[in-house]
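> Residue numbers (my numbering), protein chains in the order written: chain B, 1290 to 1585; chain A, 2 to 274; chain Y, 3 to 376. Backbone N, C-alpha and C define an ideal beta-carbon position, used for all residues, glycine too.
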Amino acid sequence: MRRLFLIAVPYIWLLALFLVPFAIVLKIALSDIALAIPPYTPTLDLSEGWAGIRAFLSGLDFENFVFLTTDDLYWRAYLSSLKIAAVATVITLLIGYPIAYAMARAAPEWRPTLLMLVILPFWTSFLIRVYSWMGILSSEGVLNQFLMALGLIDTPLQILSTNTAVYIGIVYTYLPFMILPIYATLEKMDDSLLEAAEDLGCSRLEAFWLVTIPLSKGGIIAGCFLVFIPTIGEFVIPSLLGGSDTLMIGKVLWEEFFSNRDWPVASAVAIILLMILIVPIVLFQRNEQKAREAEG
Amino acid sequence: MRRFSWFNATSLTLGFTFLYLPMILLVIYSFNASKLVTVWAGFSTRWYGELFADQEFLDAAWVTIRVAVFSSTIATVLGTMAATVMVRAGRFAGRTLFSGMIYAPLVMPEVITGLSLLLLFIGIGLDRGIFTIVLAHTTFSMCYVSVVVSSRLATFDRALEEAALDLGCSHFQAFRLVTLPIIAPAVISGWLLAFTLSLDDLVIASFTTGPSATTLPIKIFSAVRLGVSPQINALSTLMIAIVTVGVITASLISKRAAVAQARDEQAAARATA
Amino acid sequence: MSQTVFAPWENPEEEPLIRFRNVTKRFGDFTAIDDLTLDIYTREFFALLGPSGCGKTTMMRMLAGFEAPSDGTILLSGQDIAPIPPNRRAVNMMFQSYALFPHLSVWENIAFGLKRESQDREAIAARVEEMLRLTRLTKFAKRKPHQISGGQRQRVALARSLAKAPKLLLLDEPLGALDKKLREQTQFELMDIQEKTGTTFVIVTHDQEEAMTVASRVAVMDEGKLIQVATPDVIYEAPSSVYVADFIGDVNIVEGRGTREGERIRLDWAEGQPPIWGTPRGALSTDRAVYFAIRPEKVSISKEKPADRRNMLEGEVVDIAYLGNISTYHVQLANGQMMKAQTANTRRLANRDITWEDRVWLSFTETAGILLEH
């Protein structure tokens, strides 16, 4: 009885507010557009029994998915999201790794403070952190003022509302996600391994390449997925920092829904976005599983 | 002790400058007297005054706080239950689906979560407002709470609960008197996480709210879409200040507890039986 | 001086406190307890001894109520305990990890069980004080578990489980976390407390010395079955099987063919070696493979051939293990068989005459060793 109650309450909550809504998205993605609100036609009327279910099923089709293939906006948005996410992940890794490495090399009494400095932005509003770059990157912003004062440029650079700004925004907001898992693996690493490598004739650079990097592989992979997966569906960063030509699927979905009010297409976009995400999510889970098993 | 090279020092300096400079600039410019956010015209607290005079911001803040308190509290209860099920319940029909539903919201893009919940609320004819945002926030933050709490429960010595039962507790008493006090730090950090997630959320709230309720992130978003504004700088500064004070206090408290415990254990090691 | 020996198991009139009747416990395909029947009497200090995975912990958990038998019944004071949940049983348990509540003080830990059944603050306080005195913890009442030493924690766990004055106290490896010195000292404390409180103790241990020291009776277990249940001296002197003989202490085992000759058994065990004479344990079917078991300390070692021993074997010293108080000689017989002989080191090292590669004689009486079927 007690056990049943314990299972049932969260179970029913998640069924009602996670799985059912998801089924609705799937259903609407397979529906026709109609100009009423809600703008989709087939509704399942169970009072009509089998006939109702048959009518419901016959009303479903893949028209919206076919539509997505005809308009190259969607393809370009998907590809562009993948590309932006991939490039941003690599940049984040290149910036995050040295920071994580330096943290792990720092004196032990400093590490908790450094760790807290990395975690602190986690707790700060995402929106505010993205917003803070608007004031820096705008044409009369701090960065341009600084560069012009140095005499490096004469006319302000257009950075805000470009893909560059989007990359900066992603790297900035997701950097802690990259640093933390890498730091976690590096921190556990035994210093004597490097000494052993040097003793066996490696230069420090070779020791880093042959020992440190392979041993931190788990952290690197985890960090990359933690940046890559949420970036693909990102909405806030492209809409605040990107320009009208910045194509990201999260932004397209939002506009499809709020501006065009085309719910079936928005739902179809969501379904495909999810299907794209499944591969990295499964890979990520497998990596985590392996890491857990390795630990014991 | 390995050498701490200039390279490491440089990476740390540049890295933390990159992480903190934008926020520091934001704070500085919130005290700018000029309306032109990019031109420094002297120190002023004018924008804070205007912020507190703006009823819309105050209303949005009040909505946000109510949503965050309710959703994080319900999420903590549900998430703790879900964690107990995950760690303790053993096998039951639909366990795979259950753990799938716990982990999926963590990686689900917010736009999809928001869209699906909105379609549900419309489908069942629920009036959108604070209540629907609370439902939405509870659903995704309970998953975060359950991850935090279940990692604590996984290392919890079950013998402690058995000892409580052995000494005459009912299952509920054992949970209330033994398990809960011991896992309390994880439950509290789960609550704090749920609370901040709710405070921060723009996308899901935008989908699930109605005309009656505007949260602070929605308000900020619609304001900053038009460009940088000094009022938002002031608001951001306040939010950054609250979080900073909160996080530093929490870490100092836990550090003091850890130091006290280490000292006690040393004293115990010296004490002879 | 007519003190009666405590041996309720020899009295057919005595009603056992606990009766296991044909108890079987299965976890999936794995049978942890296999059709086990056992009686334990009031005021006994009963030890369940065996290697890890032998089912001893499962037996204890069934008594505490954390596992239910798959088959069979367990009676406590004549009553089937299967339907009684752990929190209603007059049985308390001392956990291997001690399971002290880290958020409660020593005082509150001991009072925990008392508070569940009574509201009377004064009665609780009095009982806690009594327990603190019994376990010499009065000074530490206000401390948290992490503020006291390992030995003190062990005593808190004991005090907490005794506070409710259970009919039966279960102790799961109670001394496993202590170092050797402290463990020996605590064994005597446990016996003392058991005697003072008159509680029936059932202890689970894998440490044979511990079981032999504290217990009134020892049950040797293996793979879910009882191998032998007897007093420590019987277990040591008259093990019922090679398994028990080998598990408890050090032993020499010689396999051969036994023939009954009057009171004794003659063991023919190798070409060219004289037969070994021994005493059978119970009825021993002859003319089949039997095992002769003898403890090393019952084997004498000398350089000269002893005059009047029934059993004499000649061999060569290949190894000497010097343990301070005793020395063990590893002797190889002509056919390759190894035998161990132990002598007390009553003389200084320099005065002893046996050394490596010496030819020596091993000798023992007819009653020193026993013959076992397997």
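Terminal residues of the continuous alpha helix (DSSP H) containing Lys182 of chain Y?
Segment Lys182 to Thr199, the alpha helix (DSSP H) holding Lys182 of chain Y.
> Starting from the beta carbon of Thr85 of chain A, find every residue of chain B whose beta carbon is closer than 8 angstroms, and list them in chain order.
In chain order: Leu1295.
> Among the residues of its own chain, which have a CB less than 7 angstroms from the CB of Tyr245 of chain Y, if the five just before and after it don't count?
The answer, listed in chain order, is Asp224 and Ile229.
> Could you give the C-beta distance for Thr44 of chain Y and Leu65 of chain Y, rounded to a whole number, given that I count them as a contact under 8 angstroms?
So it is not a contact: roughly 14 angstroms between Cβ atoms.
> Checking contacts by CB at 7 angstroms: is Phe99 of chain A closer than that to chain B?
Yes, its Cβ sits closer than 7 angstroms to a Cβ of chain B.
> Pro241 of chain Y: which of Y:Ala221, Y:Thr330 and Y:Lys227 sits nearest, CA to CA?
Comparing Cα positions, the closest option is Y:Ala221.
> With DSSP collapsed to three states, give me the class of Gly280 of chain Y.
Correct three-state label for Gly280 of chain Y: strand.
> I'd like the span of the beta strand (DSSP E) that includes Leu1404 of chain B, first residue to last.
No beta strand (DSSP E) contains Leu1404 of chain B, which is instead part of the alpha helix (DSSP H) from Arg1400 to Trp1412.
> Does the beta carbon of Thr273 of chain A sit closer than 7 angstroms to a beta carbon anywhere in chain B?
Bear in mind that the predicted position of Thr273 of chain A carries a pLDDT of just 48, short of 50, making it unreliable; the figure below should be weighed with that in mind. With 7 angstroms as the cut-off, Thr273 of chain A does not count as an interface residue toward chain B.
> Are the CB atoms of Gln232 of chain A and Trp48 of chain A within a distance shorter than 7 angstroms?
Yes, the Cβ-Cβ distance between Trp48 of chain A and Gln232 of chain A is below 7 angstroms.
> Could you compute how far the alpha carbon of Gln210 of chain Y sits from the alpha carbon of Phe249 of chain Y?
Each residue's Cα considered, the two are about 8 angstroms apart.
> Between the Cα of Ala187 of chain A and those of A:Thr245, A:Ser255 and A:Asp265, spot the shortest distance and give me the residue it belongs to.
Checked all of A:Thr245, A:Ser255 and A:Asp265; the closest Cα to Ala187 of chain A is A:Ser255.
> Per DSSP, which one or two residues make a beta bridge with Tyr331 of chain Y?
Bridge partners of Tyr331 of chain Y: Y:Ile322 and Y:Ala343.
> State the start and end residues of the unbroken beta strand (DSSP E) segment that holds Val292 of chain Y.
Looking at the DSSP string, the run of the beta strand (DSSP E) that includes Val292 of chain Y is Ala291 to Ile296.
> Does DSSP put Asp1551 of chain B in a helix, a strand or coil?
The answer is coil: DSSP assigns Asp1551 of chain B none of H, G, I, E or B.
> By DSSP's criteria, Ile303 of chain Y is part of a beta bridge. Which residues make up the other side?
Paired residues: Y:Leu364.
> Any Cβ of chain Y within less than 7 angstroms of the Cβ of Asp265 of chain A?
With 7 angstroms as the cut-off, Asp265 of chain A counts as an interface residue toward chain Y.
> In the DSSP assignment, what are the bridge partners of Arg257 of chain Y?
This sequence places Glu at residue 257 of chain Y; Arg is not what is there. In DSSP, Glu257 of chain Y forms a bridge with Y:Tyr293.
> Which same chain residues, not among the five before or five after Ser100 of chain A, have their C-beta less than 7 angstroms away from its C-beta?
Met87.
> If we cut at 7 angstroms on Cβ distances, does Met3 of chain Y have a partner in chain A?
Note that Met3 of chain Y scores 40 on pLDDT, short of 50, meaning its location in the model is unreliable and no value can be drawn from it.
> Apart from the five residues on each side of it in sequence, which residues of its chain come closer than 8 angstroms, Cβ to Cβ, to Pro1328 of chain B?
Residue confidence is low: Pro1328 of chain B scores 49 on pLDDT, short of 50, so the model does not pin down where it sits. Its coordinate-derived value is still stated next. Here the set comprises Ile1322, Arg1550, Asp1551, Trp1552 and Pro1553.
> Taking 7 angstroms as the CB-CB cut-off, is Arg1581 of chain B touching chain A?
Not an interface residue.
> What are the start and end residues of the alpha helix (DSSP H) that includes Gln210 of chain Y?
Its alpha helix (DSSP H) spans residues Gln210 to Val216.
> Along the chain, which unbroken stretches of the alpha helix (DSSP H) at least 4 residues long are found entirely within the region 91 to 174 of chain A?
Counting only runs of 4 or more, we get 96 to 108, 111 to 124, 131 to 155 and 159 to 167.
> Where do the N-terminal and C-terminal ends of the alpha helix (DSSP H) with Leu1295 of chain B fall, by residue?
Segment Arg1291 to Leu1303, the alpha helix (DSSP H) holding Leu1295 of chain B.
> Check whether the Cβ atoms of Ser365 of chain Y and Thr345 of chain Y sit closer than 7 angstroms, and answer yes or no.
Cβ distance not < 7 angstroms, so Ser365 of chain Y and Thr345 of chain Y don't count as in contact.
> Just to confirm, is the Cβ distance from Ser1556 of chain B to Val1314 of chain B under 7 angstroms?
Cβ distance < 7 angstroms, so Ser1556 of chain B and Val1314 of chain B count as in contact.
> Mapping DSSP to helix, strand and coil, what is Leu37 of chain A?
Reduced to three states, the DSSP call for Leu37 of chain A is coil.
> Does the count of Cβ pairs from the region 104 to 117 of chain Y and the region 128 to 147 of chain Y closer than 8 angstroms reach three?
With a cut-off of 8 angstroms, the region 128 to 147 of chain Y and the region 104 to 117 of chain Y count as touching, because enough Cβ pairs lie within range.
> Please confirm if Ala66 of chain Y has its CB atom under 7 angstroms from at least one CB of chain A.
It does; some Cβ of chain A falls within 7 angstroms.
> Could you check if Thr1330 of chain B is buried or exposed, using at least 16 other CB atoms within 10 Å of its CB as the buried criterion?
Model confidence at Thr1330 of chain B stands at a pLDDT of 49, short of 50, so the residue's coordinates are unreliable; what they give is reported in the following sentence. Thr1330 of chain B comes out exposed.
> Apart from the five residues on each side of it in sequence, which residues of its chain come closer than 6 angstroms, Cβ to Cβ, to Pro23 of chain A?
Closer than 6 angstroms at Cβ, skipping near neighbours: no residue.
> Just the chain A side, please: which residues come within less than 8 angstroms of Asn94 of chain Y by C-beta, in chain order?
Going along chain A in sequence order, the residues near Asn94 of chain Y (Cβ under 8 angstroms) are Asp167 and Leu168.
> What three-state label does DSSP hand Ala9 of chain Y in the structure shown?
Coil, per DSSP.
> Taking the C-alpha atoms as reference points, what is the distance between Ser207 of chain A and Ala1583 of chain B?
Rounded to the nearest angstrom, the two C-alpha atoms are 42 angstroms apart.
> Are the C-beta atoms of His138 of chain A and some chain C residue less than 7 angstroms apart?
Among the protein chains in the structure shown, which are B, A and Y, there is no chain C.
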